[in-house]
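Scroll down for the structure; my scribbles are underneath it.
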Amino acid sequence: MASAATLMLALAYPARAETQLYGFNVEGEFDLGGRIYIERPPPEERSIFEQYRDLPEAPFGAFRFRLFRPDESYSLDLGGYNIGQKDQAYFLSTGRLGLWNFDFEWDQIPHTLSTDARSLYTEPSVGVFSLPSPRPPLSAYNLAPFQDVRTEWDVARFSVTVTPTLDLDLKADYTLTRKNGNRPLSMAFGSPGNNFAEFIQPIDQTIHDFRLRASYAGEGWRLQGSYALSIFRNGLDSLTAANPCFGLQAPAPPAGCGADATGAPASGRLSVAPNNIAHTISLAGAVILPLRTQLSANVSYSLRMQDDNFLPHTNNAALASSPSLVLPRSSLDGIVQTVLFNLNAVSRPLAPLTLTAKYRLYDLIDDSKELVFPGHVINDRSLVNEPRVNGQWGYLKQNAELDGRWRFGEPVALTAGGGWERWDRDEHREVPTSNEYFGKAALDVTPVDWFLGRLTYIPSFRRISEYNTEAHLQHSVVEEDPSSLAGQGQSVLLRKFDEGDRDRQRVDLMLQFTPIETLTISPIGGYRYDDYINSPLGLQKVETWTAGLDIGWSPSEWLSFSIGYEYEFVESRQQSRSREQTGTTIFDFADFTWTSKNVDRIQTVYAGIRATLIPKVLDWTVDLAYSSANGQVNTSNPTKPTSGTLAQQTSATAKPFPSADDSLIRLGTAIRYAFAKRWTATLAYAFEKFEGTDFRTDGLNPFVPGVTSIWLGSDARDYTAQYVTLGLSYRFD
Amino acid sequence: MAGPAVRMRDVGSALGAILLAFLFLGLASCGQSSRVARPAQPIPAPAEAYAGSEACQQCHKEEFRKFGATKMGRRFLHQPQDQREALACENCHGPAAAHIDSGGKKNTGGLISFMKGDRTPTEQRTAICLGCHEKNARFFWEGSSHEARDVTCTNCHHVHENLSPRHQLAKRDEIQTCGQCHAEKRAQQWRISRHPLLEGKMSCSSCHNPHGTVTPQLLKENSVNETCYTCHAEKRGPFLWEHAPVTESCTNCHQPHGSNHEAMLKVTKPRLCQQCHIETRHPTRPYGNDLASKKFVLGRACNSCHVNIHGSNHPSGFAFTR
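So the sequence lines, in the order shown, correspond to chains A and B.
All residue numbers for the first sequence refer to our numbering, where the first residue is 1179 and numbers rise by one.
All residue numbers for the second sequence refer to our numbering, where the first residue is 25 and numbers rise by one.
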């Protein structure tokens, strides 16, 4: 079946129009097809198969036609594809060539998250999830029927472009995005670390995105201004779900909740993403200066606002009336401003020399209200009279870069330079200031027509001013004695990877050989090494390397082959420590340290054949893609835990973490036969196979004996699919 | 609040104002300069140097036919907006009379062929396109990462023919076009957890503008997060309780080009969370596949309880559990 791409491409070579309609020429194509399965995955095995598409065993269609004046002054393009499916799309484009254009698109994007979720929850009203009373035994959840968890996006785009003069473009865009459906969510009801339940939450969200832009190019200068308005609206105010452990005191696990039922709330309530709005205004300019220099700058200001009413602390009537749960304000009055400033200068004072200087400033200013909450509720279950205050998380990020490029004749160009990145964060984060310096060397070589080489090396070094482990807690837990914070906070040995000292090495290589005009061979490679120095605990290093080879060969106009292979290796090594606490006593034993080496190895292969068996009559295509991934989490203790109690030693001892694998193969082949001047028949065959192993989801039941939590039991199941597509196209011009 | 961040803001704002003033001063005083960084047009030539597109058609019939089906071809051949566009082939390739007089062989007559073997400097070839296309998406081309490495328009665009449904790309779609150099990104689209690029519902240009932007990664918006918020506006907030690394960059946790971990995460949970959380109140244990670990590892792991990990607006949501 023709996708939009193939359909539009097929129409890219129109014979001159002959069909006339009210003074317009008409050309176009209609497709009608159907899909027949040789082997179709059962519904509960389609979560990967139908991840972002709809493949029913049903007819479907596509069309596109174009009306245009014989002098091409006015035209109208109209089309659609996957018609009748849940991933259908339509477009319309019309305009006066060179003066104005109007575009419209409507696109449906399904997103299947799971096809084998199981839940006993019902939703008597939107956002409220109930369970029978008395609660069923936990084992009953495993008998619930399969349900789909699927979100559907409907995206409508409108765009008007006007070019009143060749120097000036005006553009207005509006995009409406509607998200409907559901997704998995969960809610905790127990004391921290104890029972929770997954359920399927509804999605009812709308995004309005409106943009205006004017762009002007004068003789030696340019100016561009824009305004963007983004509005997010959530159709839900909150989510309420019943606690499966409420009243389920006995029998104890595996069938019941045991201790988790003691003091359990009947239900809990979650907040959802609040409505918000953002305005952004930008002004950019560029000017040509002497010495073949161009200076360009951009200033952008954005204002984000959110002022939805807070929910009460809890829906638990036994706690809700506590004086410490009185809200200091009814809403946040959240305001975040961002300022972006860019200045770029490019100069070519000498023919072989290019100098580039860049400066960038991005300032995120969090002006939301700081509110002190005298108390809070844990999981709608227990009241804690500990004052807390929300934080402001502004930061200022600055980048500067300077480099020079010298061209040694046409064949060789060498770039050398350096740069700097600085972060200044508000005082609630661990690192107030960091500076990262980097060097850059790039070599581009084209000594002969048939060879291109690009090599890039970028080393960088990030250094921080200080690391205050308790910065977050000192701020958020009001009136807490800093000396007691260690008991409830992070290890002082931790250095968070996004803030801490880091040495980075990065090398990229791309080669392209074209020994003959019809053959291209492109090996590529890349290496990146991040070393988080001065980091006793936390992320230690990340090593990534990639290697690949692409070959494209077109021995004749009627035949072409392509094949590619890509290998990616990612290893991140982290170090942590199992730190137990009993009352106010902290057990921080060095032999409770553990390390984890997380390794991902991914291979991807793709190949294609395009052959014209009989010119203008019979075409044959083959497309193959194969991807295989292996993920390992190798966790170990550098030394055997011997401190503390036996129970603590058991907790601190690294457990096996079985590897996760997945592989996906997609093979498609099609024959396209033009059996008459305007008629084409297509016969296509597709084979797909997915296999995955992951101990965290394979065969996962909602209820796992010995655990008082309830999952949906979703699993990305293996599937095999084979189907044949028959299509008939009529083309007119 | 006072602190180094505020001071830096003041410095930055002052610097910004000075530089902006400098820009517009330069704009006002130097706008008419004849010494430009790039020539706005092909080298001027006398009228007799031009042969007219009909002459080109005599030998390049097939190319002419294909070009005529493109948007640019329709405009040049049927609705030229000025004398320059009316030159059609010679508007981009330069005056062709010398080429014809020399017998019409390859690389003769000083034509700019834009093909392999054309020794016309990259910046001169690019300048020909920018002569008409310097506004809008190309506004920040100069100094962009592609421009800086001598990537030119015809590396990605096939001007003569509609090989792609839109934008006259050099390959059949954006993924193939960008994948010529960014092969690892092209491969990542095949990961189990990904955006809908394979289905044509998104493309590289959904997030990136390859012609240059105000971000180093050529993102279309002002930052990584603002790019993500275009479609995921529910994560924009501001929230009562913000998760600081989320505020700074979505890519602290996510790999947007595709991942073999759920939700396009860079590392599997709970290890991802444990890279930054080594606490006592929530003991950071080396969870595995034993019974005691299950509720922290199975399903959505940490997010089973910490559901609103991108930020919470709940008064009791400081740990993102509500």
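Glycine is no exception: its CB is placed at the ideal position from the N, C-alpha and C atoms.
Range of the contiguous alpha helix (DSSP H) that encloses residue i
| i | result |
| --- | --- |
| Leu111(B) | No alpha helix (DSSP H) holds Leu111(B); DSSP gives it neither H nor E. |
| Glu87(B) | Lys85 to Gly92 |
| Pro269(B) | Ala268 to Glu272 |
| Ala1830(A) | Leu1824 to Ala1830 |
| Tyr253(B) | Val248 to Tyr253 |
| Arg295(B) | Arg295 to Gln298 |
| Gly348(B) | Beyond the ends of chain B as shown, which are 25 and 346, falls residue 348(B); an answer cannot be given. |
| Asp125(B) | Ala121 to Asp125 |
For residue i: DSSP bridge partner residues
| i | result |
| --- | --- |
| Ile1843(A) | Tyr1804(A) and Lys1867(A) |
| Asp1464(A) | The amino acid at residue 1464(A) is misidentified as Asp; the sequence shows Ala. DSSP lists Arg1400(A) and Ser1474(A) as partners of Ala1464(A). |
| Leu1630(A) | Gln1690(A) |
| Trp1772(A) | Ser1754(A) |
| Glu1207(A) | Arg1242(A) and Arg1909(A) |
| Val1885(A) | None, per the DSSP bridge assignment. |
| Lys1719(A) | Asp1709(A) and Arg1751(A) |
| Trp1857(A) | Tyr1908(A) |
| Leu1727(A) | Pro1701(A) and Tyr1743(A) |
| Glu258(B) | Answer is none; Glu258(B) lacks a bridge partner. |
Rounded separation between residue i and residue j - CA only
| i | j | result |
| --- | --- | --- |
| Trp265(B) | Trp1331(A) | 28 angstroms |
| Gly203(B) | His330(B) | 37 angstroms |
| Ala1859(A) | Ala1464(A) | 53 angstroms |
| Thr1468(A) | Gly1595(A) | Sequence check: residue 1468(A) is Pro here, not Thr. Cα to Cα, Pro1468(A) sits roughly 23 angstroms from Gly1595(A). |
| Ala120(B) | Thr1898(A) | 58 angstroms |
| Pro189(B) | Pro1527(A) | 41 angstroms |
| Arg1680(A) | Ser1713(A) | 9 angstroms |
| Ala1375(A) | Ala1439(A) | 13 angstroms |
| Asn1557(A) | Gly1441(A) | 12 angstroms |
| Thr1471(A) | Ile1636(A) | 26 angstroms |
| Pro1452(A) | Ser1251(A) | 47 angstroms |
| Trp1772(A) | Asp314(B) | 17 angstroms |
| Phe1367(A) | Thr1647(A) | 30 angstroms |
| Pro1819(A) | Arg1895(A) | 38 angstroms |
CB contact check: residue i to chain B, cutoff 8 angstroms
| i | result |
| --- | --- |
| Ala1180(A) | Note on Ala1180(A): pLDDT 39, under 50, position unreliable in the model; the coordinate value appears next. Answer no: the Cβ-Cβ gap between Ala1180(A) and chain B never drops below 8 angstroms. |
| Pro1452(A) | yes |
| Gly1877(A) | no |
| Asp1415(A) | no |
| Asn1712(A) | no |
| Gly1617(A) | no |
| Ser1364(A) | yes |
| Glu1588(A) | yes |
Contact with chain A by residue i, beta-carbon distance below 8 angstroms
| i | result |
| --- | --- |
| Ala194(B) | no |
| Cys180(B) | no |
| Lys140(B) | yes |
| His338(B) | yes |
| Ile216(B) | yes |
| Lys319(B) | yes |
| Phe100(B) | no |
| Glu258(B) | yes |
| Gln56(B) | Only weak support exists for where Gln56(B) lies, its pLDDT of 36 falling under 50; the coordinates are left without a value. |
Residue i, enclosing beta strand (DSSP E) - first and last residue
| i | result |
| --- | --- |
| Gln1198(A) | Thr1197 to Leu1199 |
| Gln1286(A) | Trp1278 to Arg1296 |
| Met1365(A) | Leu1346 to Ala1366 |
| Asn1274(A) | In the sequence on display, residue 1274(A) carries Arg and not Asn. It spans Ala1267 to Arg1274 - the beta strand (DSSP E) in which Arg1274(A) sits, taken as one unbroken run. |
| Val1327(A) | Phe1324 to Thr1343 |
| Asp1602(A) | Val1590 to Arg1603 |
CB contact below 8 angstroms: residue i versus chain D
| i | result |
| --- | --- |
| Gly312(B) | Of the protein chains in this structure, namely A and B, none is chain D. |
Near the ligand SAH: residue i beta-carbon under 7 angstroms from a heavy atom
| i | result |
| --- | --- |
| Thr176(B) | The ligand SAH is absent from the structure shown, which contains no ligands of any kind. |
Every unbroken alpha helix (DSSP H) inside the segment 133-220 of chain B [4 residues or more]: 146-157, 177-180, 198-203 and 207-212
Length at least 3, wholly inside the segment 1482-1553 of chain A: the beta strand (DSSP E) runs in chain order: 1512-1528 and 1531-1544
Those runs of the beta strand (DSSP E) which lie wholly inside the segment 1212-1257 of chain A and span at least 3 residues: 1237-1246
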